[in-house]
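Participant: Dropping the structure in here first, questions after.
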Amino acid sequence: MIINSNFGNVKETYLFVEIARRVSDYRAANPTADIIRLGIGDVTQPLPQAAIRALHEAVDEMARAETFRGYGPEQGYDFLREAIAEHDYRARGCDIEADEIFVSDGAKSDTANFADLFGKGNIIGISNPVYPVYLDSNVLAGHSGQPAGDGYENIRYLDCLPENDFKPQIPDGRLDIVYLCSPNNPSGVVLTRDDLKKWVDYALENKTLILFDAAYERYIRDNTLPHSIYEIPDARKVAVEFRSFSKTAGFTGLRCAYTVVPKTLEVTVSTGNKPLKLHSMWLRRQTTKFNGVPYIVQRAAAALYTREGQEQIGRIIDIYLENARTIRKVFEEKGLRVWGGENSPYVWLKVPGGMTSWEFFDHLLDRYHIVGTPGSGFGTMGEGYFRLTGFGSPEKTAEAVERLRMG
Ligand SMILES: Cc1ncc(COP(=O)(O)O)c(C=O)c1O
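Using this note's numbering, you'd call the opening residue of the sequence shown number 61 and step up by one each time.
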């Protein structure tokens, strides 16, 4: 048996395992401590009623021979693709057609699976710190090249530093592919129109493909900030966009997301003479390896685009944003430097007193019985920083904030 030896190259972070171990040790030693988790990346509010109703109706359809559905189109049902194109794009002035939308079971799978479209040897830009899936999926596919120093041969880390407001900067050299994530996990920072324009210009000039992860787009409340990379002229020529209903509408367990691959997006192949369309490649990849999202789930997702669905989503996101805002505020009051917490569910802070991220983890747990996520788990540049999230319940979050304020 010859196995994929790249599995040996992926760095184990043990982040969530280590968090669980420290919390359980602490609990064993302090059985009466009321521990509040502000580190989770999962949502806590139930699904919007519009989605629940659509699910029930769709289940009933599945129960009758006349309305039963078996395999659906791999790319998603037209009713959902149309709703997405209309509400998420055309309503914001973005020229995106329904057949450029590929419905899927998650932005995690899509961002990772997109690596299937490329060969080995590309130079890949990845922010540091960032959502770890971009790097790990490239390592598993063998696209990162061999480990080298702190990183890998073909990976160019785009260090996100406080002096640049934690935004990835345009590199000096050429990248074949760059992953951008806005609003960002973990820093909560949102790229402005100017920031995105610089990346689109860079991509046009350097023939770079932008893989834009907008999983937290719905948290943007500042009207001057872009929700989609396609708000930037010519982005259709250089960018793929990933979105998800997970954090937008509580679909983390239900599973539904989508990826936009414009038909105008072409890549120049180093060995070939004619450019290739990523749209037809992604279609081929999905039809070969994926059999679609359940009909009932797509019905639930489509119901989010009704007026009732939109209002319900808005109210849920208000809760998480308010949680994040209060977390941000209490740390600011304590004199810490804080990013995110507005237009984003994530709050990112500079750990005080020269502590490491893990030392601060222990400090928060011990002193306030609060659990967060050490920034070092998101990349080397996250050391000395810490992530908290607004995804907890309003009651628990308020209680945690009160403890921090009093302590
Ligand atoms: C930046 C980012 N992209 C994608 C995902 C995954 O989303 P999904 O639940 O759709 O797989 C997450 C989840 O935490 C994320 O933080």
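Note that CB positions come from ideal geometry on N, CA and C, so glycine has one too.
Any idea which residues DSSP pairs Asp219 with across the strands?
Facilitator: According to DSSP, which records beta bridges pairwise, Asp219 is partnered with Asn188.
Participant: Roughly how far, in whole angstroms, is the beta-carbon of Arg296 from the beta-carbon of Asp155, given that I think they are within contact range, below 8 angstroms?
Facilitator: Yes, Arg296 and Asp155 are in contact; Cβ-Cβ is about 7 angstroms, under 8 angstroms.
Participant: Please state the DSSP three-state secondary structure of Pro207.
Facilitator: Here Pro207 sits in strand by DSSP.
Participant: Contact between the region 96-112 and the region 299-310: three or more CB pairs below 8 angstroms?
Facilitator: Touching, yes, given that three or more Cβ pairs across the two stretches are closer than 8 angstroms.
Participant: Need the endpoints of the beta strand (DSSP E) that Ser304 sits in, please.
Facilitator: Where Ser304 is concerned, the enclosing beta strand (DSSP E) stretches over Ala299 to Ser304.
Participant: Go through its chain and collect everything with a Cβ distance to Gly205's Cβ below 7 angstroms, but skip five positions before and after it.
Facilitator: Counting only Cβ-Cβ distances below 7 angstroms, and skipping sequence neighbours, we find Tyr212, Glu213 and Asn214.
Participant: If we ignore side chains and look at the alpha-carbon of each, how far apart do Lys323 and His339 end up?
Facilitator: Distance between the alpha carbons of Lys323 and His339: 5 angstroms.
Participant: Indicate, with yes or no, if ligand 1 has a heavy atom lying under 7 angstroms from the CB of Lys410.
Facilitator: Answer for Lys410: no, Cβ out of range of ligand 1.
Participant: Would you say Thr171 and Tyr149 are within 8 angstroms of each other, going by their C-beta atoms?
Facilitator: No, they are not a contact pair.
Participant: By Cβ distance below 8 angstroms, which residues in the same chain neighbour Arg385 in space, the five residues on each side in sequence not counted?
Facilitator: Counting only Cβ-Cβ distances below 8 angstroms, and skipping sequence neighbours, we find Gly401, Glu402 and Gly450.
Participant: With distances taken between CB atoms, is the gap from Met441 to Cys220 smaller than 8 angstroms?
Facilitator: Going by C-beta atoms, Met441 is nearer than 8 angstroms to Cys220.
Participant: So which of Glu117, Leu448 and Arg367 has the shortest CA-CA distance to Arg388?
Facilitator: Selected option, being the one with the closest Cα: Leu448.
Participant: Less than 8 angstroms between the C-beta atoms of Val238 and Ile289, yes or no?
Facilitator: Not closer than 8 angstroms, so no.
Participant: Would Arg97 and Val431 qualify as a contact pair, given that the criterion is a beta-carbon distance under 8 angstroms?
Facilitator: For Arg97 and Val431, yes; Cβs fall inside 8 angstroms.
Participant: Quick one, are the C-beta atoms of Pro108 and Gln372 less than 8 angstroms apart?
Facilitator: Taking 8 angstroms as the Cβ cut-off, Pro108 and Gln372 qualify as a contacting pair.
Participant: According to the neighbour-count rule (16 or more other Cβ atoms, all chains shown, within 10 Å of its Cβ), is Asp255 buried or exposed?
Facilitator: The residue in question, Asp255, is buried, as its Cβ has 16 or more Cβ neighbours within 10 Å.
Participant: Going by beta carbon distance, what residues of the same chain come within less than 7 angstroms of Glu443, once the five residues before and after it are set aside?
Facilitator: Around Glu443: Thr416, Ser417, Gly435 and Ser436.
Participant: Beta strand (DSSP E) containing Thr319: first to last residue?
Facilitator: Counting along the chain, the beta strand (DSSP E) containing Thr319 begins and ends at Ala317 to Val320.
Participant: Using only CA atoms, which one of Val327, Ser304, Glu326 and Leu325 lies nearest to Cys316?
Facilitator: Out of Val327, Ser304, Glu326 and Leu325, Ser304 has the C-alpha closest to the C-alpha of Cys316.
Participant: Ser164 and Val353 look like a contact to me (Cβ under 8 angstroms); what is the Cβ gap, rounded to whole Å?
Facilitator: Their Cβ separation, rounded to whole angstroms, is 7 angstroms, which keeps Ser164 and Val353 in contact under 8 angstroms.
Participant: Per DSSP, what are the beta-bridge partners of Glu326 in this structure?
Facilitator: The partner list for Glu326 (beta bridge, DSSP) reads Lys337.
Participant: Do you know how far the Cα of Ala363 is from the Cα of Tyr131?
Facilitator: When rounded, the distance between both Cα atoms is 21 angstroms.
Participant: Within the present structure, is the beta-carbon of Cys154 separated from the nearest heavy atom of ligand 1 by less than 7 angstroms?
Facilitator: Because no heavy atom of ligand 1 lies under 7 angstroms away, the Cβ of Cys154 does not count as near it: no.
Participant: Measuring straight from C-alpha to C-alpha, what distance separates Phe302 and Ala274?
Facilitator: Phe302 and Ala274: Cα-Cα distance of roughly 6 angstroms.
Participant: For Lys168, which residues in the same chain have their Cβ closer than 7 angstroms to its Cβ, ignoring the five residues on either side in sequence?
Facilitator: Result list for Lys168: Val193, in chain order.
Participant: Quick one: what's got a C-beta closer than 8 angstroms to Gly452's C-beta in the same chain, skipping five residues either side?
Facilitator: Excluding residues within five positions, the ones whose Cβ falls inside 8 angstroms are Ile96, Arg97, Leu98, Ile100, Thr104, Asn383 and Ala460.
Participant: Cβ of Asn333 within 8 angstroms of Cβ of Glu134?
Facilitator: Their beta carbons are not under 8 angstroms apart, which means Asn333 does not touch Glu134 by this criterion.
Participant: Which of helix, strand or coil does DSSP assign to Val407?
Facilitator: Of the three classes helix, strand and coil, the one that applies to Val407 here is strand, per DSSP.
Participant: Heavy atom of ligand 1 less than 7 angstroms from the Cβ of Ala275, yes or no?
Facilitator: Within the cutoff, so yes.
Participant: Let me know if Asn64 comes out buried or exposed under the rule of 16 or more other beta-carbons within 10 Å of its beta-carbon.
Facilitator: Exposed: under 16 other Cβ atoms inside 10 Å.
Participant: Just to confirm, are Leu409 and Leu425 a CB contact at a threshold of 8 angstroms?
Facilitator: In this structure, Leu425 does not lie closer than 8 angstroms to Leu409 by Cβ.
Participant: Within the continuous alpha helix (DSSP H) that includes Gly374, where are the two ends?
Facilitator: First-last of the alpha helix (DSSP H) with Gly374: Arg367 to Glu393.
Participant: Can you grab the Cα-Cα spacing for the pair Ala145 / Phe421, in whole Å?
Facilitator: So the alpha carbons of these two residues sit roughly 42 angstroms apart.
Participant: Measure the C-alpha to C-alpha separation of Ile79 and Thr433 and round it to an integer number of angstroms.
Facilitator: Going from the Cα of Ile79 to the Cα of Thr433 covers about 8 angstroms.
Participant: How is the alpha helix (DSSP H) around Phe272 delimited, first residue to last?
Facilitator: Note, Phe272: premise wrong, no alpha helix (DSSP H); beta strand (DSSP E) at Leu269 to Asp273.
Participant: Confirm the yes/no value for this check: CB of Thr433, any heavy atom of ligand 1, distance under 7 angstroms.
Facilitator: Checking every heavy atom of ligand 1 against the Cβ of Thr433, none is found closer than 7 angstroms.
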